[in-house]
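> Sequence lines, in order, name chains Y and R. Going by this note's numbering, 140 is the number at position 141 of the first sequence; the sequence numbering is gapless. Going by this note's numbering, 62 is the number at position 59 of the second sequence; the sequence numbering is gapless.
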Amino acid sequence: MPSIKSVGLRLFDWVDDRVQIKALVDYMAHKSVPRHDHEIWYYFGGLSLFFFIIQVCSGILLLLYYRPGADSAYESVQFIISKVQFGWLIRAIHSWSANLMILAVVIHMFSVFFTRAYRKPREITWLTGMGLLGLVLFFGFSGYLLPWNELAFFATKVGTGMAGVVPLAGGFLMKLLRGSDEVTGATITRFFGFHVAVLPALFTAVLTVHLLLVQRQGMSEPESWESRPESQKRRMPFFPNFLLRDLLVWLIALNVLAILAVFFPYGIGPLHWDLGLKADPFSSPPAHIRPEWYFMFMFQSLKFLPAKILLVDGEVVGIIGFGLAGVFWTLIPFFDRTTEKGRRKRLYAYTGLVAVMFVLVMTFLGYILD
Amino acid sequence: MQNDTLKRRSFLNYLLGGGVIAVLAAIGFPIYKYLKPPKIPEAAESQVTAGTLAELQAAEGRYKIFRFGRKPGIVVLMPNNEIRAFSASCTHLDCIVQYRPDLNVLWCPCHNGKYDLTGRNISGPPPRPLEQWVAHYDKASDNIFVSKGEGA
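#1: Would Gln77/Y pass as an interface residue toward chain R - the criterion being a Cβ-Cβ separation below 8 Å?
#2: So is Gly44/Y buried or exposed if we call it buried at 16+ other beta carbons inside 10 Å?
#3: Among Ile34/R, Arg11/R, Tyr102/R, which one has its Cα closest to the Cα of Phe89/R?
#4: Per the contact definition of three or more C-beta pairs closer than 8 Å, is the region 26-40 of chain R in contact with the region 121-138 of chain R?
#5: Return the chain-ordered ranges of every alpha helix (DSSP H) run that is complete within the region 176-204 of chain Y and spans a minimum of 4 residues.
#6: Please list, in chain order, the chain R residues whose beta carbon lies closer than 9 Å to that of Leu60/Y.
#7: Please state the DSSP three-state secondary structure of Arg87/R.
#8: Can you list, in chain order, the residues of its chain with a C-beta nearer than 8 Å to that of Pro130/R? Leave out the 5 residues immediately preceding and following it.
#9: Just list the residues that DSSP pairs Asn254/Y with in beta bridges.
#10: Okay, do the region 43-58 of chain Y and the region 238-252 of chain Y touch, 3+ Cβ pairs below 8 Å being the bar?
#11: What are the residues that DSSP puts in a beta bridge with Gly54/R?
#12: Please give me, in chain order, every unbroken run of the beta strand (DSSP E) with length at least 3 that falls completely inside the region 11-79 of chain R.
#13: Does the pairing of the region 29-44 of chain Y with the region 234-241 of chain Y give three or more beta-carbon distances under 8 Å?
#14: For Thr247/Y, decide whether its Cβ has a neighbour in chain R, counting only Cβ atoms nearer than 8 Å.
#15: Span of the beta strand (DSSP E) holding Ile125/R?
#16: Can the beta-carbon of Glu181/Y be found less than 8 Å from the beta-carbon of Pro285/Y?
#17: Using the C-alpha atoms, what's the distance from Leu61/Y back to Arg345/Y?
#18: Just curious, the beta strand (DSSP E) that Met235/Y is in, first and last residue?
#19: Which residues of chain R have a Cβ atom closer than 8 Å to the Cβ of Gln84/Y, listed in chain order?
#20: Which term fits Pro40/R, buried or exposed, when burial requires 16 or more other beta carbons within 10 angstroms of its beta carbon?
#21: Measure the Cβ-Cβ separation of Leu132/Y and Met108/Y and say whether it is below 8 Å.
#22: Could you run through the region 93-107 of chain Y and flag, in chain order, every residue whose CB is less than 9 Å away from some CB of chain R?
#23: Would you mind sorting Ile147/R into buried or exposed? The rule is 16 or more other CB atoms within 10 Å of its CB.
#24: DSSP three-state label for Ser71/Y, please.
#25: Compare the C-beta of Leu359/Y against all C-beta atoms of chain R and say whether one is closer than 8 Å.
#26: In the DSSP assignment, what residue or residues form a beta bridge with Pro103/R?
#27: Give, in chain order, every residue of the region 253-271 of chain Y whose Cβ lies closer than 7 Å to some Cβ of chain R.
#28: Please report the residue range of the alpha helix (DSSP H) in which Pro33/Y lies.
#29: Examine the Cβ distances between the region 53-72 of chain Y and the region 90-97 of chain Y and report whether three or more of them are shorter than 8 Å.
#30: In whole angstroms, what separates the C-alpha of Lys119/Y from that of Ser226/Y?
#31: According to DSSP, which residues form a beta bridge with Trp292/Y?
#32: If we call anything under 8 Å between Cβ atoms a contact, is His37/Y one with Thr124/Y?
#33: When we look at the beta-carbon of Lys151/R and count the other beta-carbons within 10 Å, is it buried (16 or more) or exposed?
#34: Between which two residues does the alpha helix (DSSP H) containing Val18/Y stretch?
#35: Assign Glu229/Y to buried or exposed, taking buried as 16 or more other Cβ atoms, counted over all protein chains shown, within 10 Å of its Cβ.
#36: Compile a chain-ordered list of the residues in the region 139-169 of chain Y whose CB is closer than 7 Å to at least one CB of chain R.
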C-alpha cells in the first residue's frame with residue numbers, strides 16, 4: 000500500500016504537470032521574514048485573518064437560522080440561543096470573534112503606523128489595509144442591528160443619524176442606510192444585505208489585493224535596517240518557520256476564543272451582548288445607552304462638543320472633523336515622505352501618539368462618565 | 004539509542020495527532036449538533052375543524068385543504084354526499100393532492116399520481132396509500148371535524 004506521503008507527492012506532480020505550481024511553491028519557499036525586536040507585530044495581520052475566517056464560518060452557521068425582518072429577527076436570534084443546540088455557542092463565538100477581530104485589526108494598523116511600514120513601496124498595501132479597517136467597522140455596525148433588540152435599535156438610530164448630519168449628501172446617505180426615513184424593518188433588510196453579501200464580497204476582494212501585495216513585496220523591514228549591511232540582517236524562512244509560528248498564534252487565539260465564548264457567552268462587563276428586550280420604536284432608550292467600544296471615542300467626543308461652534312452645529316463640526324482626520328490618516332504615506340532623519344519624520348509619529356492618546360482618553364471617559 | 008529517539012518521536016506524533024483529532028472533534032461536535040434543527044413540538048391537537056359543509060358544497064372541486072397541526076389534510080364531498088378526510092400529502096414526493104370529481108379519484112398534479120376514495124394508490128408513482136382520517140359532521144354547527152385514527 001502506498002504511503003500517504005507518496006500519494007501526496009504524486010498528487011502534487013499530477014497537478015504541477017497541468018498547472019505548474021512548483022514555481023509558486025519555490026517562490027513561497029524563498030520568502031523570508033525579518034527578525035528583530037519588533038517582530039511580534041507581524042503576527043497581528045495573520046491574527047486578523049484568522050478571526051475573519053472564524054467570522055465567515057460562524058456567520059454561515061448563524062445564517063441557517065437567522066431570519067431578517069421586524070417580526071422575525073429578534074425571535075430567530077432568541078430561537079438560536081435558546082432552542083438550537085449549541086446556538087448560544089455559535090453566537091458567542093461570532094460576537095467574541097467580531098470584537099477580537101476589530102482589536103487585532105486596530106493593533107495591526109497602529110503597529111504599521113508606528114513602524115512606518117507604510118512607506119514606499121507599500122503605500123497601496125496601507126491603502127487597502129485602511130479600506131479593510133473601514134469595512135470591518137461597517138461589518139460591526141451592520142451586524143449590531145441584526146438581533147433587532149433595544150440596544151441595536153437605538154445604536155443604529157444614532158449611527159445612521161450621524162450619517163444624516165454629513166453636509167450635502169447626508170439626507171441621501173441616511174435614507175440609503177435606513178431604507179426609509181426611520182429605522183424600521185426595511186433597515187434590517189438592508190443591513191442584512193450589507194452584512195452578509197455586500198461587505199463580504201468587498202472585503203474578500205480588497206483582502207486578496209492586500210495579501211497578494213504582502214506576498215509580492217515581503218514583510219516590511221524596520222527602518223533601522225536601511226543603513227545596515229546585509230550580513231547584520233537576521234531573517235527566518237516564511238515557510239515553514241514563520242507559518243508554523245503563525246499557526247501557533249492561531250491555535251492560542253482559538254483557545255482564547257473558546258474559553259471566552261464558553262465561560263462568557265454574553266460578554267464581560269461593558270462588553271456584552273445579552274439579547275435583552277425586543278426593539279420598540281415607540282419607547283424611550285434605556286439609560287446608559289452607549290455604542291460598541293470601538294465607536295466609543297467618537298460618541299464621547301461628540302458629547303463634549305457644544306451645540307454651536309461659530310454658527311455651525313457642533314455635531315456637524317465633529318463629524319467633518321472625524322472625516323478629515325480619517326482621510327488624513329489614510330493618506331499618511333503620501334505626506335510622510337521624507338526618508339532623511341529630521342523633524343518632519345518625528346512630527347508624524349507625534350501626530351500618531353496624540354491620536355492614540357485622544358482615542359484612549361475619550362474611550363476611557365466614555366466608560367467613566369455616565 | 005536510535006530506537007529510543009524513534010519511540011519518543013512516534014509517541015509525540017501520537018500525542019500531536021490525538022490532540023488534533025480532539026480539537027477537530029471539539030469543533031465538529033457542536034457544529035454537527037447545531038446543524039440539526041430543534042424539534043418543534045407538533046400541535047397536540049387530536050381533532051381540528053376542517054371547515055363547514057356549506058363551504059365544501061360551494062367549493063369548485065368539492066374538496067377543501069385544511070391544516071392538521073403542521074400537515075395538510077383534505078376533506079372530500081363524495082357523489083353520495085358522504086364526507087371523507089385524508090392526509091393531503093402525496094406519498095410520492097409530498098405534493099398536495101386534490102379531488103377530481105370527473106375521474107372520481109384523489110389526484111396529485113405533480114406527477115399524475117392517483118388514489119381511489121379509500122386512499123389506495125391506484126396509478127402513477129405513489130408508493131403507499133394516503134392515510135385516511137376520520138371525518139365527523141356536526142349538523143348543529145355545520146362544522147366538519149377531523150381526527151386521526153379510529154379512537155379519536
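Note that beta-carbon positions come from the ideal geometry of N, C-alpha and C, so glycine has one too. Small disclaimer: the values here were computed from a predicted structure and weren't measured.
Short version:
#1: Numbered from its first residue, the first sequence carries residue 77/Y at position 78. Not closer than 8 Å to any Cβ of chain R, the Cβ of Gln77/Y fails to qualify, so no.
#2: What you label residue 44/Y is simply residue 45 of the first sequence in a count that begins at 1. It counts as buried.
#3: Taking the second sequence and counting its residues from 1, the one referred to as residue 89/R is at position 86. In terms of Cα proximity to Phe89/R, the closest of Ile34/R, Arg11/R, Tyr102/R is Tyr102/R.
#4: Too few Cβ pairs lie closer than 8 Å, so no.
#5: Runs found: 184-192.
#6: Position 61 of the first sequence holds residue 60/Y. Under the 9 Å cutoff, chain R gives Ile34, Tyr37, Leu38.
#7: For the purposes of this step, residue 87/R is taken as residue 84 along the second sequence, with counting starting at 1. Strand at Arg87/R.
#8: Here residue 130/R is taken as the residue at index 127 of the second sequence, counted from 1. Residues of the same chain with a CB within less than 8 Å of the CB of Pro130/R, apart from the 5 flanking positions on each side, are Thr94, His95, Asn124 in chain order.
#9: Sequence index remark: in the first sequence, residue 254/Y carries index 255 (1-based). BP columns for Asn254/Y are empty, so no partner.
#10: Three or more beta-carbon pairs drawn from the region 43-58 of chain Y and the region 238-252 of chain Y are found closer than 8 Å, and the two stretches are therefore classed as touching.
#11: Counted from its first residue, the second sequence places residue 54/R at position 51. Beta-bridge partners of Gly54/R (DSSP): Ile147/R.
#12: Segments of the beta strand (DSSP E) lying fully in the region 11-79 of chain R: 50-55, 66-71.
#13: Counting Cβ pairs under 8 Å, three or more are found: they touch.
#14: Here residue 247/Y is taken as the residue at index 248 of the first sequence, counted from 1. At residue 247/Y the sequence reads Leu, which differs from the Thr that was named. Closer than 8 Å: no.
#15: For the purposes of this step, residue 125/R is taken as residue 122 along the second sequence, with counting starting at 1. For Ile125/R, the enclosing beta strand (DSSP E) covers residues 124-126.
#16: Counted from its first residue, the first sequence places residue 181/Y at position 182. Counted from its first residue, the first sequence places residue 285/Y at position 286. Cβ atoms of Glu181/Y and Pro285/Y: not closer than 8 Å.
#17: The count along the first sequence starts at 1 and reaches residue 345/Y at position 346. The count along the first sequence starts at 1 and reaches residue 61/Y at position 62. Cα to Cα, Arg345/Y sits roughly 47 Å from Leu61/Y.
#18: Position 236 of the first sequence, counting from 1, holds the residue named residue 235/Y. Its beta strand (DSSP E) spans residues 234-236.
#19: Looking up residue 84/Y in the first sequence gives position 85. Those within 8 Å of Gln84/Y in chain R are Pro33, Lys36, Tyr37, Lys39, Pro41.
#20: As a working note, residue 40/R is residue 37 in the second sequence. Its Cβ having fewer than 16 others within 10 Å, Pro40/R is exposed.
#21: Here the question's residue 132/Y lines up with position 133 in the first sequence. Here the question's residue 108/Y lines up with position 109 in the first sequence. Met108/Y is positioned such that its CB atom lies closer than 8 Å to that of Leu132/Y.
#22: Listed in sequence order: no entries.
#23: Locating residue 147/R in the second sequence gives position 144, counting from the first residue. Label assigned to Ile147/R: buried.
#24: Position 72 of the first sequence, counted from the first residue, corresponds to residue 71/Y. Ser71/Y: coil per DSSP, three-state reduction.
#25: Stepping through the first sequence from its first residue, residue 359/Y is reached at position 360. Cβ-Cβ to chain R under 8 Å: no for Leu359/Y.
#26: Walking along the second sequence from the start, residue 103/R turns up at place 100. The displayed chain sequence assigns Arg, not Pro, to residue 103/R. As computed with DSSP, Arg103/R is found in a beta bridge with Val108/R.
#27: Residues of the region 253-271 of chain Y with a Cβ closer than 7 Å to any Cβ of chain R: none.
#28: Position 34 of the first sequence, counted from the start, is the residue given in the question as residue 33/Y. Unbroken run through Pro33/Y is the beta strand (DSSP E), 31-33; no alpha helix (DSSP H).
#29: Enough Cβ pairs lie closer than 8 Å, so yes.
#30: Counted from its first residue, the first sequence places residue 119/Y at position 120. Counted from its first residue, the first sequence places residue 226/Y at position 227. If you draw a straight line from the Cα of Lys119/Y to the Cα of Ser226/Y, it comes to about 16 Å.
#31: If you number the first sequence from 1, residue 292/Y lands on position 293. Answer by DSSP bridge pairing: none, since Trp292/Y is not bridged.
#32: The residue given as residue 37/Y occupies position 38 in the first sequence. The residue given as residue 124/Y occupies position 125 in the first sequence. No.
#33: Here residue 151/R refers to the residue found at position 148 of the second sequence. Label assigned to Lys151/R: buried.
#34: Taking the first residue of the first sequence as position 1, residue 18/Y is located at position 19. Run containing Val18/Y: 3-18, per the alpha helix (DSSP H) assignment.
#35: For the purposes of this step, residue 229/Y is identified with residue 230 of the first sequence, where counting begins at 1. Only exposed fits Glu229/Y, as fewer than 16 other CB atoms lie within 10 angstroms of its CB.
#36: Listed by position, the residues of the region 139-169 of chain Y near chain R (Cβ gap below 7 Å) amount to none.
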